[in-house]
């Protein structure tokens with residue numbers, strides 16, 4: 483993973499030096515529909531949250547560009563159990579600093595298809611429980627892995643004034659549970675992101 487980061491950074495700076503005059507900087511924010519997939523996750527539903535961060539678009543040609551991003555992303559999942567007068571709710575809150583490196587192909591002017599790898603750095607992990615109106619929050623970061631790796635797939639549309647819209651799915655490939663702290667459980671992130679951004 484470290485080698486991948488180094489190669490990606492070198493490639494980005496190489497492209498940047500060649501196309502410096504055409505680089506565009508921007509910002510984006512939007513909605514996360516986050517979930518977890520894997521062992522014993524059937525009872526969990528999507529958690530609605532958000533992401534926000536900065537982007538850089540580096541043109542490689544008229545059709546292709548590379549877009550590194552730096553995003554704060556609130557992820558996780560939630561579940562709810564209710565029977566008669568008893569209600570139990572659980573929220574898994576996972577906060578990441580995500581670094582996607584998206585390759586963009588412009589199908590027509592403004593409309594792009596996007597795909598690329600993503601590395602996530604876990605900033606915080608908490609489990610929130612609520613039983614009959616009484617809530618409690620527990621720090622579970624020690625049970626989670628510090629890094630996540632996944633692939634993004636999506637599409638975007640960009641207006642001439644810099645306003646842009648995008649939607650993507652992050653397919654988590656890494657087991658986010660620390661193997662030493664689990665019974666060989668394997669759980670992966672999955673996040674649908676809908677974003678609005680602006681290039682300056």
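Numbering (the numbering used here), first residue to last: 483 to 682.
Even for Gly, the Cβ is constructed at its ideal location relative to N, Cα and C.
How would you call residue i, buried or exposed, if buried means at least 16 neighbouring beta carbons within 10 angstroms?
i: residue 634; result: buried
i: residue 594; result: buried
i: residue 590; result: exposed
i: residue 505; result: exposed
i: residue 687; result: Shown here, the chain extends from 483 to 682; a query on residue 687 therefore has no answer.
i: residue 621; result: exposed
i: residue 607; result: buried
i: residue 545; result: exposed
i: residue 652; result: buried
i: residue 566; result: exposed
Sort out for me which residues DSSP pairs residue i with in a bridge.
i: residue 655; result: The partner list for residue 655 (beta bridge, DSSP) is empty, contrary to what the question assumes.
i: residue 631; result: 601
i: residue 530; result: 515
i: residue 646; result: 640 and 679
In its own chain, which residues sit with a C-beta less than 8 Å from the C-beta of residue i, not counting the 5 before and 5 after it?
i: residue 649; result: 636, 637, 638, 674, 675, 676 and 677
i: residue 628; result: 603 and 604
i: residue 514; result: 529, 530, 531, 532, 533, 555, 556, 557, 673, 674 and 675
Write down the C-beta distance between residue i and residue j rounded to the nearest angstrom, noting that I regard them as a contact closer than 8 Å.
i: residue 537; j: residue 508; result: 5 Å
i: residue 519; j: residue 555; result: 17 Å between Cβ atoms; not a contact.
i: residue 551; j: residue 584; result: 7 Å
For residue i, I'd like the list of residues in its chain whose CB is within less than 6 Å of its CB, leaving aside the five on either flank, ordered along the chain.
i: residue 558; result: 516, 529, 574, 575 and 576
i: residue 525; result: 561
i: residue 657; result: 668
**Asked** What are the start and end residues of each continuous alpha helix (DSSP H) run of 4 or more residues lying completely inside the region 557-595, in chain order?
**Response** none
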